[in-house]
Amino acid sequence: MQAFRFFDICVIAAKFSFQVELVKGKKYAWCKCGLSKKQPFYDGHHKTTTVQPVRFIAEETSSEVFLCGWKQTSSPPFCDGTHVSEQVQSAEISQ
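As structure tokens, then:
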């Protein structure tokens, strides 16, 4: 029997933020684990982790919204600019 292990770390999906358009009142789910193939949004790949997507409702319609790509923002799901740090830029991203 093969053991199946859940992990609770997030992987870096991108070393930049994703500019997206959000529609007021619409529900969204931001991928927190970094495994989604539809970044920056959730697509179900978190099921092999203990990390859950961040669900939110857009407060306004805007195409000037930036969502975190490296998954360690201090204000999930929004970019806080920390992806520009040397630590993030020198890290390997998930393939």
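Under full-length UniProt numbering, the residues of the sequence shown are numbered 1 to 95, in order.
Every residue, glycine too, gets a C-beta built ideally from N, C-alpha and C.
Just so we're clear, the structure is a prediction, and the values are computed from it rather than from any experiment.
Problem set entry | Residue span of the alpha helix (DSSP H) that contains GLN87, given as start and end | 86-89
Problem set entry | For LEU67: DSSP bridge partner residues | PHE18, PHE78
For this session: Taking only the alpha-carbon atoms, compute the straight-line gap between GLY44 and ILE9 and give it to the nearest angstrom.
Result: 16 angstroms
For this session: From the DSSP output, in three-state form, read off GLN47 for me.
Result: Note on identity: in this sequence residue 47 is Lys, with Gln being the wrong assignment. Secondary structure at LYS47: helix, using DSSP grouped into helix, strand and coil.
Exercise. Whose C-beta lies closer than 7 angstroms to the C-beta of GLY34 among residues of the same chain, with five residues either side of it excluded?
Worked result: CYS10, VAL11, ILE12, ALA13, LYS71, SER94
Exercise. Applying the criterion that 16 or more other CB atoms from any shown protein chain within 10 Å of the CB defines a buried residue, is LYS27 buried or exposed?
Worked result: exposed
Exercise. Going straight from the alpha carbon of ALA3 to that of THR49, what length do you get?
Worked result: With a pLDDT of 45 at ALA3, under the threshold of 50, the modelled position of this residue cannot be trusted, and the question is left open.
Problem set entry | Check whether GLY69 and PHE16 have beta carbons under 8 angstroms apart | yes
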